[in-house]
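Trainee:
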Amino acid sequence: MVVKRGGGSVIPIGFSCFFLIFVGFVSGIIPTTLDGPFTPVTVPLDERFRGHAVDLPSDDPRVRRTVKGFQPEQISISLSTTHDSIWVSWITGEYQIGDDIKPLNPHTVGSIVEYGKVKSLKTQTQKTEGYSLIYNQLYPFEGLQNYTSGIIHHVQLTGLSPDTIYYYRCGDPSIGAMSDVFRFKTMPVSGPKSYPRIGIVGDLGLTYNSTSTVSHLIKNHPDLLLLVGDATYANLYLTNGTGSDCYSCSFANTPIHETYQPRWDFWGRYMQPLTSKVPIMAIEGNHEIEEQVEGTTFAAYSSRFAFPSTESGSKSTMYYSFNAGGIHFLMLGGYTAYNKSSDQYKWLQSDLANVDREVTPWLIGVWHPPWYNTYVSHYKEVECMRVAMEELLYDAGVDLIFNGHVHAYERSNRVYNYTLDPCGPVHITVGDGGNREKMAIQHTDEPGNCPEPSTTPDSFMGGFCATNFTSGPAAGKFCWDRQPEYSAYRESSFGHGILEVKNETHALWTWHRNQDMYNEAGDQIFIVREPERCPVKDTTRRWRSAK
7 MVVKRGGGSV
17 IPIGFSCFFL
27 IFVGFVSGII
37 PTTLDGPFTP
47 VTVPLDERFR
57 GHAVDLPSDD
67 PRVRRTVKGF
77 QPEQISISLS
87 TTHDSIWVSW
97 ITGEYQIGDD
107 IKPLNPHTVG
117 SIVEYGKVKS
127 LKTQTQKTEG
137 YSLIYNQLYP
147 FEGLQNYTSG
157 IIHHVQLTGL
167 SPDTIYYYRC
177 GDPSIGAMSD
187 VFRFKTMPVS
197 GPKSYPRIGI
207 VGDLGLTYNS
217 TSTVSHLIKN
227 HPDLLLLVGD
237 ATYANLYLTN
247 GTGSDCYSCS
257 FANTPIHETY
267 QPRWDFWGRY
277 MQPLTSKVPI
287 MAIEGNHEIE
297 EQVEGTTFAA
307 YSSRFAFPST
317 ESGSKSTMYY
327 SFNAGGIHFL
337 MLGGYTAYNK
347 SSDQYKWLQS
357 DLANVDREVT
367 PWLIGVWHPP
377 WYNTYVSHYK
387 EVECMRVAME
397 ELLYDAGVDL
407 IFNGHVHAYE
417 RSNRVYNYTL
427 DPCGPVHITV
437 GDGGNREKMA
447 IQHTDEPGNC
457 PEPSTTPDSF
467 MGGFCATNFT
477 SGPAAGKFCW
487 DRQPEYSAYR
497 ESSFGHGILE
507 VKNETHALWT
517 WHRNQDMYNE
527 AGDQIFIVRE
537 PERCPVKDTT
547 RRWRSAK
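Its first residue numbered 7, the sequence shown is counted upward by one per residue in our numbering.
Given below as structure tokens:
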């Protein structure tokens with residue numbers, strides 16, 4: 007079955023998505039990337055929806071500890087690289103914060119998951135054991151409070167059937183410390199005909215805006231959740247629990263950037279109703295850096311989430327890959343070395359060389375700081391990452407890229423090297439989850455807003471690669487004087503996104519704003535792949551020659 011766009015080409019599509027795509031094409035309600043590039047659109051700021059960026063207090067029932075002893079809490083699941091494996095994670099015991107902390111012994115409590123296809127877990131039940139750890143957040147300065155976590159457990163379940171509901175409980179049965187029974191559904195087998203429904207959110211935090219985002223997200227029933235960095239914003243607090251919307255504004259004289267680690271525990275408790283049944287795949291953001299003694303960074307992020315790093319050939323929690331149905335996800339690190347001699351770049355070359363587009367037609371990149379961003383906030387901040395990696399991803403035929411970091415929504419036209427390109431990926435920024443730092447509202451193309459180039463590089467990664475544009479309407483300038491042609495749509499509102507891949511060539515992207523009903527679309531478009539027009543280049547040739 008085919009749909010013919012007016013004056014356009016004949017597009018083969020699957021029967022299951024025929025009606026939706028047909029309505030979109032015929033009525034004009036849902037555009038496609040084939041209709042682009044689009045004239046840039048900026049939705050005017052609605053000041054009514056800038057409020058409620060206030061963190062939930064520690065006594066809110068949704069973030070308080072309700073379990074006793076070593077019963078599991080903060081339960082979450084995440085994917086391995088393939089459909090037949092799931093990670094189950096949880097925490098037992100209480101954290102400690104203060105001057106005299108005594109870390110728990112992770113070997114004193116077992117890490118057991120009992121699971122099966124029968125809800126009672128009384129028959130056909132399997133049992134798997136995992137590992138446990140604790141982490142510390144320590145400060146070598148008088149007056150700052152140190153933190154030691156509860157016992158964090160990670161258990162990998164293997165040999166699972168695809169697209170199947172499993173029931174599970176976790177904990178240590180030897181001491182009577184088991185959770186209630188939860189459920190999850192495995193991913194479909196990787197192939198061109200099967201895809202999960204994916205929720206995407208970034209820069210979430212734990213404010214009243216965040217709760218609205220999560221509530222809307224749950225009502226849209228995702229099978230998988232991508233968190234594109236910046237989970238808890240614990241580093242907007244001092245170790246004594248005093249917080250601010252702007253750390254550098256309020257606490258400029260602290261000897262080190264402090265954090266209040268209990269915010270991680272609050273966040274894990276709040277998220278459990280969602281993450282105990284929907285797999286969450288996270289990548290680090292700048293608010294996960296959390297520097298401590300001896301220059302240690304990312305301790306909470308690397309300890310609390312389970313990552314398929316080993317399974318995907320990565321030696322780091324900062325970057326990894328996985329399959330979900332017919333999609334191969336590249337989870338890349340914007341806060342670890344990414345130059346062409348780095349371990350991450352070499353891993354990415356190797357990973358791309360092993361992607362089979364017959365099995366996973368869709369190739370999607372995910373990392374925190376965006377390359378294509380027209381807001382003043384974080385403008386051209388990771389230009390060195392773009393310079394290092396963009397060509398490799400373009401040659402590999404990456405279809406879509408999701409980012410956060412900028413607290414607003416923006417979708418690009420297909421673009422490569424700042425030039426409109428029908429074979430370039432669509433870049434989508436969803437850093438509008440609702441965190442305490444509020445929304446980004448200023449654009450670099452507005453009078454007086456273009457930043458000084460020397461101020462733009464990321465302070466953690468360093469480097470300077472941001473230069474003036476060399477071609478097009480902004481040639482010789484650091485910023486455009488109007489919304490750039492590569493920016494298709496931008497809006498400062500809180501929300502989340504849903505990606506529904508329909509078949510090998512069509513995916514429906516919907517951005518939902520918190521101020522709307524959960525099933526209304528703030529922005530919606532069909533992303534259309536054109537593999538014949540945009541064949542994948544042999545990215546392995548350069549990799550093999552460099553070995």
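Even for Gly, the Cβ is constructed at its ideal location relative to N, Cα and C.
Less than 8 Å between the CB atoms is what I'm expecting for Trp353 and Gly319, so what's the real figure, rounded?
Mentor: Sure, about 6 Å apart at Cβ, within 8 Å.
Trainee: Once the 5 residues before and after His89 are set aside, which same chain residues still bring their CB inside 6 Å of it?
Mentor: Only Pro168, Thr192, Met193 and Val195 meet the Cβ criterion.
Trainee: Considering Cys252, what are the terminal residues of the alpha helix (DSSP H) in which it resides?
Mentor: Per DSSP, Cys252 belongs to no alpha helix (DSSP H) and is neither H nor E.
Trainee: Go to Cys390, then tell me how far its alpha helix (DSSP H) extends in each direction, as first and last residue.
Mentor: First-last of the alpha helix (DSSP H) with Cys390: Glu389 to Asp401.
Trainee: Tell me the rounded alpha-carbon separation between His293 and Asn241.
Mentor: Whole-angstrom Cα-Cα distance: 6 Å.
Trainee: Verify whether the separation of the beta carbon atoms of Arg203 and Leu230 is less than 9 Å.
Mentor: Contact: yes.
Trainee: Less than 9 Å between the C-beta atoms of Ile158 and Glu135, yes or no?
Mentor: The answer is no: Cβ separation not under 9 Å.
Trainee: Taking the CB atoms as reference points, tell me whether Thr435 and Asn455 lie closer together than 9 Å.
Mentor: Going by C-beta atoms, Thr435 is not nearer than 9 Å to Asn455.
Trainee: Counting pairs of beta carbons, one from the stretch 238-252 and one from the stretch 206-216, are three or more of them closer than 8 Å?
Mentor: Yes, they touch.
Trainee: Tyr307 and Phe330 - do their beta-carbons sit closer together than 9 Å?
Mentor: Rather than Phe, the amino acid found at residue 330 in this sequence is Ala. No, these two residues do not count as a Cβ contact at 9 Å.
Trainee: Which residue wins for smallest C-alpha separation from Thr425, given the options Val94, Ser282, Leu358 and Ala494?
Mentor: Closest by alpha carbon: Ala494.
Trainee: If I'm right that Ile206 touches Gly503 with Cβ under 8 Å, what's the distance once you round it to whole angstroms?
Mentor: Confirmed, about 4 Å.
Trainee: Thinking Gly249 and Asp65 are a contact (beta carbons under 8 Å), I'd like their distance in whole angstroms, please.
Mentor: No, Gly249 and Asp65 are not in contact; Cβ-Cβ is about 15 Å, not under 8 Å.
Trainee: Would you please state the rounded distance, in angstroms, between the beta carbons of Ile531 and Thr38? I believe it to be under 8 Å.
Mentor: About 7 Å; that satisfies the 8 Å criterion.
Trainee: Could you work out which residue in Phe470, Val361 and Ser347 is closest to Tyr385 when comparing CA atoms only?
Mentor: Closest by alpha carbon: Phe470.
Trainee: What number of angstroms, rounded off, separates the C-alpha of Thr323 from the C-alpha of Gln80?
Mentor: Between Thr323 and Gln80, the C-alpha separation is close to 20 Å.
Trainee: Given a threshold of 16 other Cβ atoms within 10 Å of its Cβ, counted over all protein chains shown, does Val94 qualify as buried or as exposed?
Mentor: Result: buried.
Trainee: Put Asn441 into one of helix, strand or coil per three-state DSSP.
Mentor: It is coil, neither helix nor strand.
Trainee: Hey, is the stretch 39-51 in contact with the stretch 243-263, meaning 3+ C-beta pairs nearer than 8 Å?
Mentor: Taking 8 Å as the limit for Cβ pairs, the verdict is that the stretch 243-263 does not touch the stretch 39-51.
Trainee: Among Cys485, Val69 and Thr281, which has the Cα closest to the Cα of Ser84?
Mentor: The shortest Cα separation from Ser84 among Cys485, Val69 and Thr281 belongs to Thr281.
Trainee: Residue range of the beta strand (DSSP E) that Asp529 falls in?
Mentor: Element bounds for Asp529: Asp529 to Val534.
Trainee: Along the chain, where does the beta strand (DSSP E) that runs through Lys123 open and close?
Mentor: From DSSP, Lys123 is part of no beta strand (DSSP E); its letter is neither H nor E.
Trainee: Check whether the Cβ atoms of Gln298 and Tyr121 sit closer than 9 Å, and answer yes or no.
Mentor: No, the pair does not count as a contact, with Cβ atoms beyond the cut-off.
Trainee: By alpha-carbon positions, which one of Gly156, Arg70, Gln448 and Ser256 ends up nearest to Val115?
Mentor: Closest option to Val115, Cα to Cα, is Gly156.
Trainee: Give a yes or no on whether the C-beta atoms belonging to Pro228 and Gly403 are separated by under 9 Å.
Mentor: Not closer than 9 Å, so no.
Trainee: Can you list, in chain order, the residues of its chain whose CB lies under 6 Å from that of Gly12, leaving out five sequence neighbours each side?
Mentor: Per-residue confidence for Gly12 stands at a pLDDT of 28, beneath the threshold of 50, marking its modelled position as unreliable; no derived number is given.
Trainee: Between Met467, Glu497 and Asp362, which has its C-alpha nearest Glu387's C-alpha?
Mentor: Answer by Cα proximity: Met467.
Trainee: Tell me the DSSP secondary structure of Val619 in three-state form.
Mentor: Outside the shown range of the chain, which is 7 to 553, sits residue 619, and nothing can be said about it.
Trainee: Expressed to the nearest angstrom, what Euclidean distance is found between the alpha-carbon atoms of Lys543 and Asp401?
Mentor: C-alpha separation (whole angstroms): 5 Å.
Trainee: Measuring CB to CB, does Gly376 end up less than 9 Å from His411?
Mentor: According to the sequence displayed, residue 376 carries Pro and not Gly. Their beta carbons are under 9 Å apart, which means Pro376 touches His411 by this criterion.
Trainee: In the DSSP output, what is Ser418 paired with across the bridge?
Mentor: In the DSSP output, where bridge partners are listed per residue, Ser418 has Ser493.
Trainee: Please classify Arg70 as buried or exposed, where buried requires at least 16 other C-beta atoms within 10 Å of its C-beta.
Mentor: So Arg70 ends up on the exposed side.
Trainee: Which residues in the same chain as Phe76 place their Cβ atom closer than 7 Å to its Cβ, once the five residues preceding and following it in sequence are excluded?
Mentor: Around Phe76: Thr98, Gly99, Val115, Asp178, Ile181 and Ala183.
Trainee: Keeping to the same chain, check which residues put their C-beta closer than 8 Å to that of Tyr101; ignore five residues upstream and five downstream.
Mentor: Result list for Tyr101: Tyr153, Thr154, Ser155, Gly156, Gln267, Pro268 and Asp271, in chain order.
Trainee: Exposed or buried, Ile286, counting other C-beta atoms within 10 Å across all chains shown (16 or more means buried)?
Mentor: Label assigned to Ile286: buried.
Trainee: Going by alpha carbons, who is nearest to Gly274 out of His263, Asn259 and Arg310?
Mentor: The candidate whose alpha carbon is nearest that of Gly274 is Arg310.
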